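Position one of the sequence shown corresponds to residue 3 (our numbering), numbered consecutively onward.
Think of the CB as a built atom: it goes at the ideal place given N, C-alpha and C, for glycine as much as any other residue.
This one's a predicted model, so the numbers in the text were calculated from it and none came from an experiment.
Since the structure comes first, as C-alpha cells, the remarks are kept for the end.
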Amino acid sequence: MKRRTFLSVAGAAGLASAATPTASAAPGPWKDGKRWVYSITYDEGAQDLLKHAVPLHRSYGVPGHVALVSSQIGVPRNVPGSTYHGMMILNREEIQGLAREGWGFSCHSMTHVSTSFENGQVEVADARKTLEDAIGLPITVFTVPGSNAGHPASLHFAPLGGYSAIMTIYDWTNTRETDLLWLGRCPIHSEYPAPFYSKFDPYKRLQQAKAESGWIIDYCHCPIPGTALHPAKDCTSEELEARFKAVKEIGGDEVWLAEPNEVVAFLLEDAESKRLRVHPAVPEAMVLNEEMRALYKQRR
Ligand SMILES: [Zn+2]
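In C-alpha cells form, the structure reads like this:
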C-alpha cells in the first residue's frame with residue numbers, strides 16, 4: 003500500500019501504529035535474525051552451581067558458561083586468599099553433563115595467577131590443551147583470571163595457544179565490531195566496592211544492548227540464596243532469577259540467549275561482522291585509564 007493511500011484509510015491512529023516497531027520489522031543482525039545477545043558466565047566452576055544456578059538456567063532456557071582453571075578440575079579449589087578457595091570444583095562428568103544441556107566452557111588459566119609475559123606460555127597457551135584433556139571438550143576462549151592487568155600478556159599468548167577469543171572483566175557491552183580478543187563482561191553483583199557501593203540492578207545494560215544490537219556477557223561466580231559469597235564478585239540466586247526475568251522482559255523474542263562459544267563461532271563466520279572487525283583494537287581506543295594503558299606497553 004502506498005503511504006498516501008494508507009494515511010487516507012488508516013488516519014492518525016494508523017500512522018502511530020505504523021511508527022511502532024513490530025515483530026515484522028527487518029530482522030536483527032544476529033543468528034536467526036535476533037536483535038541482540040545475552041550470555042552469562044561463571045568463573046571458577048564451583049560444584050554448587052549445580053544446586054543454585056543450573057535449575058534457574060533450566061527454567062528460563064538460558065545456556066550457561068563456566069571459566070575453568072585447567073589444573074583444578076574435580077578437586078577443591080586451591081587458590082589461597084580467594085573467596086572461593088576450598089570450594090569443590092565441577093568434575094569431568096558434571097562438566098560433560100552441562101555441555102549436553104548446551105553449556106560451554108573456557109580456560110581461566112593454568113593456576114589462576116595473574117597472567118604475565120613471564121608465565122604466559124604456561125598459564126595461557128599450554129593451559130588450553132591441559133583443560134581440553136581434563137574435560138574432554140574443545141576449548142577456544144581464554145578468560146583472563148584475577149584482573150584486567152593480565153590482559154596485555156593474554157593478548158600476546160592467547161593467539162599462540164590457539165584461542166580465538168578472550169573474555170576480560172572490562173565492564174562494557176560488546177557489539178559486532180568488538181575485537182574478539184577484547185570481549186567485555188558485565189558484573190552482576192550484589193554491591194560494588196567504594197566509593198559508589200552500587201547496588202544490584204537486574205536491568206543493567208539490557209536497554210543499551212538492545213539499542214546497540216549488542217552482546218552482553220554477564221560475569222559472576224557462584225550465586226547462592228540469601229547473601230552473596232562476596233558482594234563485589236557475585237549476586238545471590240534470587241538476584242540471578244531477577245536478572246533472567248529482566249532479560250526475558252526486555253528481550254522477548256528479540257534476544258538470542260546464547261553461550262559465548264556459539265556467539266564467537268557466529269562472529270567468526272558472519273561476513274558483515276568480519277567486515278566490521280577488520281581493524282584490530284588498540285588499547286588507546288579501548289581504555290582511558292593511564293595505568294591500564296601503560297600495562298599494554300610492556301613486552302617481554
Ligand atoms: Zn577467577
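How do the segment 268-279 and the segment 229-237 stand: do at least 3 beta-carbon pairs fall below 8 Å, yes or no?
no
Can the beta-carbon of residue 129 be found less than 8 Å from the beta-carbon of residue 111?
In the sequence shown, residue 129 corresponds to position 127, counting from 1. In the sequence shown, residue 111 corresponds to position 109, counting from 1. Yes, the Cβ-Cβ distance between residue 129 and residue 111 is below 8 Å.
Do you know offhand how far residue 195's Cα is from residue 27's?
Taking the sequence shown and counting its residues from 1, the one referred to as residue 195 is at position 193. Taking the sequence shown and counting its residues from 1, the one referred to as residue 27 is at position 25. Going by the C-alpha atoms only, they are around 42 Å apart.
Does the separation of the CB atoms of residue 63 and residue 259 fall below 8 Å?
One-based indexing of the sequence shown puts residue 63 at position 61. One-based indexing of the sequence shown puts residue 259 at position 257. Their beta carbons are under 8 Å apart, which means residue 63 touches residue 259 by this criterion.
According to DSSP, residues forming a beta bridge with residue 144
Numbered from its first residue, the sequence shown carries residue 144 at position 142. Answer is 109, 168, bridged to residue 144.
Is it a yes or a no for the segment 88-95 touching the segment 112-131, going by three-plus beta-carbon pairs under 8 Å?
no
Please write down, chain order preserved, every residue whose beta carbon lies under 6 Å from a heavy atom of ligand 1.
45, 46, 110, 114, 147
The beta strand (DSSP E) spanning residue 69 covers which residue range?
Residue mapping note: residue 69 aligns to position 67 of the sequence shown, counting from 1. Per DSSP, residue 69 belongs to the beta strand (DSSP E) from 67-70.
Taking only beta-carbon atoms, is residue 196 less than 8 Å away from chain D?
The structure shown contains no chain D, having only a single protein chain.
Taking residue 219 as the reference, which of 250, 228, 186, 243 has the closest Cα?
Sequence index remark: in the sequence shown, residue 219 carries index 217 (1-based). Nearest of 250, 228, 186, 243 to residue 219, Cα basis: 186.
Mind checking residue 198: buried by the 16 CB within 10 Å criterion, or exposed?
Stepping through the sequence shown from its first residue, residue 198 is reached at position 196. Result: exposed.
Three-state secondary structure assigned by DSSP to residue 95:
As a first step, residue 95 must be located in the sequence shown, where it is residue number 93. In this structure, residue 95 counts as helix in the three-state DSSP scheme.
Residue 118 to residue 139, Cα distance in whole Å?
Residue mapping note: residue 118 aligns to position 116 of the sequence shown, counting from 1. Residue mapping note: residue 139 aligns to position 137 of the sequence shown, counting from 1. Approximately 26 Å, taken between the alpha carbons.
So, using beta-carbon positions, are residue 75 and residue 107 closer together than 8 Å?
Counting from 1 along the sequence shown, the entry for residue 75 is found at position 73. Counting from 1 along the sequence shown, the entry for residue 107 is found at position 105. Not a contact, by the Cβ cut-off of 8 Å.
So which of 300, 293, 261 has the shortest CA-CA distance to residue 105?
Translated into positions along the sequence shown, residue 105 becomes position 103. The shortest Cα separation from residue 105 among 300, 293, 261 belongs to 261.
Entirely enclosed beta strand (DSSP E) segments - the segment 227-268, minimum 3 residues:
257-259
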